[in-house]
Amino acid sequence: MKKVIYKTENLSKSFSSGGRLQHVLKNIDLELYQGDFTVIMGASGAGKSTLLYALSGMDVPSLGTITFGKQVISDLSQDGLSVFRREHCGFVFQQIYLIDSMSVLDNVLCAGLLVCRDKKALLRRARELFQAVGVNEETQRKFPTQISGGEAQRVGIVRALINAPDILFADEPTGALNSQTGLDVLNTLTKFNEQGQSVVMVTHDMRSACRGNRILYLKDGAILGECSLGRYVHGDEKRHEKLSAFLTEMGW
1 MKKVIYKTEN LSKSFSSGGR LQHVLKNIDL ELYQGDFTVI MGASGAGKST
51 LLYALSGMDV PSLGTITFGK QVISDLSQDG LSVFRREHCG FVFQQIYLID
101 SMSVLDNVLC AGLLVCRDKK ALLRRARELF QAVGVNEETQ RKFPTQISGG
151 EAQRVGIVRA LINAPDILFA DEPTGALNSQ TGLDVLNTLT KFNEQGQSVV
201 MVTHDMRSAC RGNRILYLKD GAILGECSLG RYVHGDEKRH EKLSAFLTEM
251 GW
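Taking full-length UniProt numbering as reference, the numbering of the sequence shown is continuous, increasing by one, and the terminal residue is 252.
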(Lines of atoms letter the chains of each structure in order from A and count residues from 1; the text may use other names and numbers.)
(Lines give C-alpha, C1' and ligand atoms only; values in the text may rest on other atoms or scores of the structure.)
Protein backbone atom coordinates (compact mmCIF):
# COMPACT_ATOMS: atom_id res chain seq x y z
CA MET A 1 0.00 0.00 0.00
CA LYS A 2 1.30 3.46 -0.91
CA LYS A 3 2.21 5.85 1.87
CA VAL A 4 0.12 9.02 2.06
CA ILE A 5 2.38 12.06 2.38
CA TYR A 6 -0.18 14.81 1.78
CA LYS A 7 -3.85 15.04 2.62
CA THR A 8 -6.28 17.90 2.07
CA GLU A 9 -9.77 18.18 3.52
CA ASN A 10 -12.30 20.74 2.30
CA LEU A 11 -9.46 22.78 0.83
CA SER A 12 -10.82 26.08 -0.48
CA LYS A 13 -9.29 29.34 -1.67
CA SER A 14 -11.08 32.59 -2.43
CA PHE A 15 -9.92 36.01 -3.60
CA SER A 16 -11.65 39.36 -3.56
CA SER A 17 -11.57 40.95 -7.01
CA GLY A 18 -13.42 44.13 -7.91
CA GLY A 19 -15.57 43.83 -4.82
CA ARG A 20 -16.61 40.28 -5.73
CA LEU A 21 -15.47 37.04 -4.13
CA GLN A 22 -13.78 34.66 -6.59
CA HIS A 23 -13.73 31.00 -5.51
CA VAL A 24 -10.53 29.52 -7.01
CA LEU A 25 -10.45 26.20 -5.11
CA LYS A 26 -13.63 24.53 -3.90
CA ASN A 27 -13.74 21.90 -1.15
CA ILE A 28 -10.88 19.73 -2.44
CA ASP A 29 -10.32 16.40 -0.69
CA LEU A 30 -7.10 14.85 -1.93
CA GLU A 31 -4.39 12.40 -0.97
CA LEU A 32 -0.90 12.41 -2.51
CA TYR A 33 1.34 9.35 -2.26
CA GLN A 34 5.05 8.90 -1.73
CA GLY A 35 6.97 8.14 -4.91
CA ASP A 36 4.16 9.21 -7.26
CA PHE A 37 4.56 11.52 -10.23
CA THR A 38 1.29 13.43 -9.92
CA VAL A 39 0.25 15.75 -12.74
CA ILE A 40 -2.33 18.53 -12.33
CA MET A 41 -4.11 19.58 -15.53
CA GLY A 42 -7.04 21.78 -16.46
CA ALA A 43 -8.00 24.81 -18.49
CA SER A 44 -6.52 28.23 -17.78
CA GLY A 45 -8.02 29.57 -14.56
CA ALA A 46 -9.03 26.14 -13.27
CA GLY A 47 -6.93 26.57 -10.11
CA LYS A 48 -3.93 24.39 -10.99
CA SER A 49 -1.17 26.68 -9.77
CA THR A 50 -3.24 27.82 -6.80
CA LEU A 51 -3.56 24.20 -5.68
CA LEU A 52 0.17 23.64 -6.10
CA TYR A 53 1.01 26.78 -4.11
CA ALA A 54 -1.40 25.80 -1.33
CA LEU A 55 0.08 22.31 -1.07
CA SER A 56 3.61 23.67 -0.95
CA GLY A 57 2.90 26.28 1.70
CA MET A 58 3.51 29.18 -0.67
CA ASP A 59 -0.12 30.21 -0.25
CA VAL A 60 -2.57 29.86 2.61
CA PRO A 61 -6.04 28.34 2.05
CA SER A 62 -9.16 30.27 2.96
CA LEU A 63 -10.81 27.15 4.40
CA GLY A 64 -9.92 23.52 5.04
CA THR A 65 -6.77 21.74 6.14
CA ILE A 66 -3.56 20.52 4.53
CA THR A 67 -1.67 17.79 6.34
CA PHE A 68 1.86 16.67 5.56
CA GLY A 69 2.59 13.44 7.41
CA LYS A 70 1.19 14.27 10.85
CA GLN A 71 1.78 18.01 10.57
CA VAL A 72 -1.13 20.33 9.75
CA ILE A 73 0.74 22.86 7.64
CA SER A 74 -2.35 25.00 7.01
CA ASP A 75 -2.12 26.01 10.70
CA LEU A 76 1.48 27.22 10.47
CA SER A 77 2.57 30.86 10.67
CA GLN A 78 4.43 32.44 7.75
CA ASP A 79 7.73 31.73 9.53
CA GLY A 80 6.64 28.15 10.13
CA LEU A 81 5.72 27.76 6.46
CA SER A 82 9.15 29.07 5.45
CA VAL A 83 10.83 26.42 7.58
CA PHE A 84 8.49 23.75 6.19
CA ARG A 85 9.31 24.68 2.60
CA ARG A 86 13.05 24.69 3.25
CA GLU A 87 13.03 21.30 4.95
CA HIS A 88 10.50 19.37 2.88
CA CYS A 89 9.88 20.97 -0.53
CA GLY A 90 11.74 21.66 -3.75
CA PHE A 91 10.47 24.02 -6.44
CA VAL A 92 10.94 24.18 -10.21
CA PHE A 93 9.21 27.06 -11.99
CA GLN A 94 8.67 28.08 -15.60
CA GLN A 95 10.77 31.17 -14.85
CA ILE A 96 13.91 29.89 -13.18
CA TYR A 97 14.81 32.85 -10.93
CA LEU A 98 18.55 32.24 -10.73
CA ILE A 99 20.60 35.08 -9.20
CA ASP A 100 22.56 36.65 -12.07
CA SER A 101 25.38 37.95 -9.85
CA MET A 102 26.23 34.44 -8.59
CA SER A 103 27.72 31.49 -10.44
CA VAL A 104 25.57 28.48 -11.25
CA LEU A 105 27.26 26.49 -8.48
CA ASP A 106 26.85 29.27 -5.92
CA ASN A 107 23.15 29.57 -6.77
CA VAL A 108 22.74 25.95 -5.75
CA LEU A 109 25.01 26.12 -2.69
CA CYS A 110 23.22 29.24 -1.45
CA ALA A 111 19.95 27.30 -1.34
CA GLY A 112 21.64 24.32 0.32
CA LEU A 113 23.24 26.39 3.08
CA LEU A 114 19.80 27.33 4.35
CA VAL A 115 19.48 23.75 5.62
CA CYS A 116 22.95 22.16 5.68
CA ARG A 117 25.99 23.78 7.30
CA ASP A 118 28.39 21.03 6.24
CA LYS A 119 29.87 22.75 3.19
CA LYS A 120 31.92 19.74 2.09
CA ALA A 121 28.91 17.43 2.17
CA LEU A 122 26.81 20.05 0.41
CA LEU A 123 29.38 20.54 -2.34
CA ARG A 124 29.64 16.77 -2.81
CA ARG A 125 25.85 16.45 -3.20
CA ALA A 126 25.76 19.40 -5.60
CA ARG A 127 28.46 17.83 -7.78
CA GLU A 128 26.57 14.52 -7.83
CA LEU A 129 23.32 16.22 -8.82
CA PHE A 130 25.00 18.31 -11.51
CA GLN A 131 26.52 15.15 -12.94
CA ALA A 132 23.13 13.44 -12.88
CA VAL A 133 21.52 16.23 -14.93
CA GLY A 134 24.46 16.63 -17.31
CA VAL A 135 25.81 20.03 -16.21
CA ASN A 136 29.61 19.93 -16.33
CA GLU A 137 32.07 21.77 -14.09
CA GLU A 138 32.79 24.45 -16.69
CA THR A 139 29.10 25.33 -16.86
CA GLN A 140 28.86 25.32 -13.05
CA ARG A 141 31.41 28.15 -12.94
CA LYS A 142 29.42 30.29 -15.38
CA PHE A 143 26.84 32.92 -14.51
CA PRO A 144 23.14 32.39 -15.37
CA THR A 145 23.29 34.89 -18.25
CA GLN A 146 26.01 32.76 -19.87
CA ILE A 147 24.05 29.50 -20.13
CA SER A 148 21.12 28.32 -22.26
CA GLY A 149 17.51 28.07 -21.11
CA GLY A 150 17.71 24.28 -20.99
CA GLU A 151 20.88 24.38 -18.91
CA ALA A 152 19.31 26.94 -16.59
CA GLN A 153 16.26 24.75 -16.00
CA ARG A 154 18.48 21.76 -15.20
CA VAL A 155 20.33 24.00 -12.74
CA GLY A 156 16.92 24.88 -11.32
CA ILE A 157 16.21 21.19 -10.78
CA VAL A 158 19.54 20.73 -8.98
CA ARG A 159 18.73 23.71 -6.76
CA ALA A 160 15.30 22.22 -6.04
CA LEU A 161 16.83 18.87 -5.05
CA ILE A 162 19.89 20.06 -3.13
CA ASN A 163 18.17 19.71 0.25
CA ALA A 164 16.78 16.24 -0.55
CA PRO A 165 13.12 17.37 -0.42
CA ASP A 166 10.31 14.98 0.38
CA ILE A 167 8.40 16.36 -2.57
CA LEU A 168 9.33 18.29 -5.71
CA PHE A 169 6.79 20.82 -7.02
CA ALA A 170 7.07 21.83 -10.68
CA ASP A 171 4.92 24.57 -12.22
CA GLU A 172 5.01 24.40 -16.04
CA PRO A 173 8.73 23.50 -15.99
CA THR A 174 8.95 23.16 -19.80
CA GLY A 175 6.67 26.07 -20.68
CA ALA A 176 9.46 28.46 -21.70
CA LEU A 177 11.67 25.86 -23.42
CA ASN A 178 11.89 24.59 -26.98
CA SER A 179 10.92 21.02 -27.82
CA GLN A 180 14.31 19.36 -27.33
CA THR A 181 15.35 21.17 -24.15
CA GLY A 182 11.86 20.58 -22.75
CA LEU A 183 12.31 16.88 -23.43
CA ASP A 184 15.65 16.93 -21.61
CA VAL A 185 13.98 18.46 -18.56
CA LEU A 186 11.17 15.87 -18.64
CA ASN A 187 13.74 13.08 -18.85
CA THR A 188 15.52 14.54 -15.84
CA LEU A 189 12.35 14.74 -13.76
CA THR A 190 11.40 11.20 -14.79
CA LYS A 191 14.84 9.92 -13.86
CA PHE A 192 14.62 11.31 -10.32
CA ASN A 193 11.07 10.04 -9.91
CA GLU A 194 12.22 6.56 -10.90
CA GLN A 195 14.76 6.84 -8.07
CA GLY A 196 11.92 7.51 -5.61
CA GLN A 197 11.49 11.28 -5.72
CA SER A 198 7.86 12.35 -5.26
CA VAL A 199 6.84 14.90 -7.89
CA VAL A 200 3.78 17.12 -8.32
CA MET A 201 3.72 18.95 -11.66
CA VAL A 202 1.30 21.47 -13.14
CA THR A 203 1.19 21.41 -16.95
CA HIS A 204 -1.08 22.02 -19.93
CA ASP A 205 1.18 19.98 -22.23
CA MET A 206 0.20 16.43 -23.22
CA ARG A 207 3.79 15.28 -23.69
CA SER A 208 4.70 16.47 -20.21
CA ALA A 209 1.56 15.01 -18.65
CA CYS A 210 2.35 11.56 -20.07
CA ARG A 211 5.28 11.36 -17.65
CA GLY A 212 2.92 11.18 -14.67
CA ASN A 213 1.49 8.01 -13.23
CA ARG A 214 -1.51 9.89 -11.84
CA ILE A 215 -3.34 12.72 -13.61
CA LEU A 216 -5.72 15.05 -11.76
CA TYR A 217 -8.03 17.24 -13.83
CA LEU A 218 -9.30 20.47 -12.32
CA LYS A 219 -12.31 22.41 -13.52
CA ASP A 220 -13.62 25.57 -11.87
CA GLY A 221 -11.54 24.93 -8.76
CA ALA A 222 -12.62 21.33 -8.15
CA ILE A 223 -11.21 17.94 -9.13
CA LEU A 224 -13.44 16.77 -11.98
CA GLY A 225 -11.67 13.43 -12.48
CA GLU A 226 -8.41 11.52 -12.36
CA CYS A 227 -6.60 9.04 -14.57
CA SER A 228 -4.08 6.36 -13.62
CA LEU A 229 -1.40 5.75 -16.25
CA GLY A 230 1.02 3.56 -14.31
CA ARG A 231 4.77 4.10 -14.45
CA TYR A 232 6.16 5.85 -17.51
CA VAL A 233 7.50 3.62 -20.27
CA HIS A 234 9.21 5.28 -23.22
CA GLY A 235 7.40 4.73 -26.52
CA ASP A 236 4.16 3.46 -24.96
CA GLU A 237 1.58 4.80 -27.43
CA LYS A 238 -1.33 3.36 -25.45
CA ARG A 239 -0.35 5.69 -22.61
CA HIS A 240 -0.84 8.72 -24.84
CA GLU A 241 -4.11 7.33 -26.18
CA LYS A 242 -5.46 6.69 -22.66
CA LEU A 243 -4.57 10.19 -21.52
CA SER A 244 -6.03 11.73 -24.67
CA ALA A 245 -9.32 9.86 -24.16
CA PHE A 246 -9.44 10.95 -20.51
CA LEU A 247 -8.85 14.60 -21.36
CA THR A 248 -11.50 14.48 -24.08
CA GLU A 249 -13.95 13.07 -21.51
CA MET A 250 -13.03 15.95 -19.16
CA GLY A 251 -13.76 18.47 -21.92
CA TRP A 252 -10.15 19.63 -22.28
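Here a beta-carbon is modelled for each residue, glycine too, at the ideal position from N, C-alpha and C.
Because the structure is a prediction, the values reported are computed rather than measured.
Buried/exposed call for T139, threshold 16 Cβ in 10 Å: buried
Is DSSP giving L131 helix, strand or coil here? Looking at the sequence shown, residue 131 is not Leu but Gln. Correct three-state label for Q131: helix.
Give a single yes or no on whether T8 has its beta carbon closer than 7 Å to a heavy atom of the ligand MG. The ligand content of the structure shown is nil, which means the ligand MG is not present either.
Is the distance from the Cβ of L98 to the Cβ of L109 below 8 Å? no
Touching or not, the segment 222-230 and the segment 55-73, by the rule of three or more beta carbon pairs under 8 Å? no
Assess, as a yes-or-no matter, whether the segment 30-46 is touched by the segment 210-229 under the definition of 3 or more beta carbon pairs within less than 8 Å. yes
For S198, write down the residues that DSSP places opposite it in a beta bridge. I167
First through last residue of the alpha helix (DSSP H) which encompasses S82: Q78 to H88
Sorted by chain position, which residues of the same chain lie with C-beta nearer than 6 Å to A170's C-beta, five sequence neighbours on each side aside? V92 and M201
Under 8 Å Cβ to Cβ from N10, same chain only, skipping five residues before and after it: list those, please. N27, I28, D29, L63, G64 and T65
Taking 6 Å as the limit between beta carbons, can you name the residues of its chain near S56, skipping five residues before and five after? C89 and F169
Take every Cβ of the segment 144-156, pair it with every Cβ of the segment 173-183, and state whether three or more of those distances are shorter than 8 Å. yes
Considering only C-alpha positions, which residue in the set F143, I162 and Q71 is nearest to L113? I162
With 16 as the cutoff for other CB atoms within 10 Å, does Q197 come out buried or exposed? buried
So, helix, strand or coil for H240, using DSSP? helix
Look at the alpha carbon of I215 and the alpha carbon of Y53, and state the distance between them as a whole number of angstroms. 18 Å
Residue range of the alpha helix (DSSP H) that G156 falls in? G149 to L161
Beta-carbon separation of Q95 and A164 under 8 Å? no
Which class does L105 belong to by DSSP, given the choice of helix, strand or coil? helix
Curious, which full-length beta strand (DSSP E) runs of at least 3 residues does the segment 26-87 contain? 37-42 and 63-68
When DSSP labels each residue in this structure, what does V92 get in the three-state scheme? strand
When you compare only the Cα positions, how much space is there between L224 and S208? 20 Å
Report the partner residues of Q22 according to the DSSP bridge assignment. F15
For a quick check, are the C-beta atoms of S103 and F130 less than 8 Å apart? no
Let me check understanding here. Comparing Cα to Cα, which of V133, R127 and F84 lies closest to V115? F84
H204 versus E172: straight-line alpha-carbon distance, rounded: 8 Å
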